[in-house]
Amino acid sequence: MHRLVIRLWAHHEPAVLLVTHDVDEALALADRVLVLAGGRIGYGCRIDAPRPRDRNQPELTDLRTRLLAELGVHPEGTK
Numbered sequence: 018m019h020r021l022v023i024r025l026w027a028h029h030e031p032a033v034l035l036v037t038h039d040v041d042e043a044l045a046l047a048d049r050v051l052v053l054a055g056g057r058i059g060y061g062c063r064i065d066a067p068r069p070r071d072r073n074q075p076e077l078t079d080l081r082t083r084l085l086a087e088l089g090v091h092p093e094g095t096k
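Taking our numbering, the leading residue of the sequence shown gets 18, the next gets one more, and so forth.
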């Protein structure tokens, strides 16, 4: 599905709104990520990493940690 979305976007260049609860999916597909909190935008950022993206790219691992923290998900033993 990810490859299909990327191919369609590359060919047609439409505006695409993807709603997901999967941080890794957002990092793989999005140019911009918004985290909602209380029905409002609580955090937003652009993703400028080139595609195809690897979730282990340093800029993505840092952003993944930040997005999870914004969602209230912290690594075990921290808070």
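Think of the CB as a built atom: it goes at the ideal place given N, C-alpha and C, for glycine as much as any other residue.
None of these values were measured; they are calculated from a predicted model.
Could you tell me the alpha carbon to alpha carbon distance between residue i and residue j, rounded to whole angstroms?
i	j	result
Gly55	Val36	16 Å
Arg70	Glu42	10 Å
Ile90	Ile58	The sequence shown places Val at residue 90, rather than the Ile named in the question. About 17 Å.
Val50	His38	11 Å
For residue i, which residues of its own chain have a beta-carbon under 8 Å away from its beta-carbon, when the five flanking residues on both sides are left out?
i	result
Pro31	Leu25
Ala47	Leu35, Ile64
Please go through the same chain and pick out, in chain order, the residues whose beta-carbon is closer than 7 Å to the beta-carbon of residue i, but skip the five residues on each side of it.
i	result
Gly88	According to the sequence provided, residue 88 is Leu. The question's Gly does not apply to it. Answer for Leu88: Val52, listed in chain order.
Between the Cα of residue i and the Cα atoms of the options, which residue gives the shortest distance?
i	options	result
Ala45	His91, Asp79, Pro75, Ile64	Ile64
Arg72	Val40, Ala27, Arg20, Leu21	Val40
So residue i packs on residue j, CB below 8 Å; how close in whole Å?
i	j	result
Ala66	Gln74	6 Å
Ile23	Arg68	7 Å
Apart from the five residues on each side of it in sequence, which residues of its chain come closer than 6 Å, Cβ to Cβ, to residue i?
i	result
Gly61	Leu51
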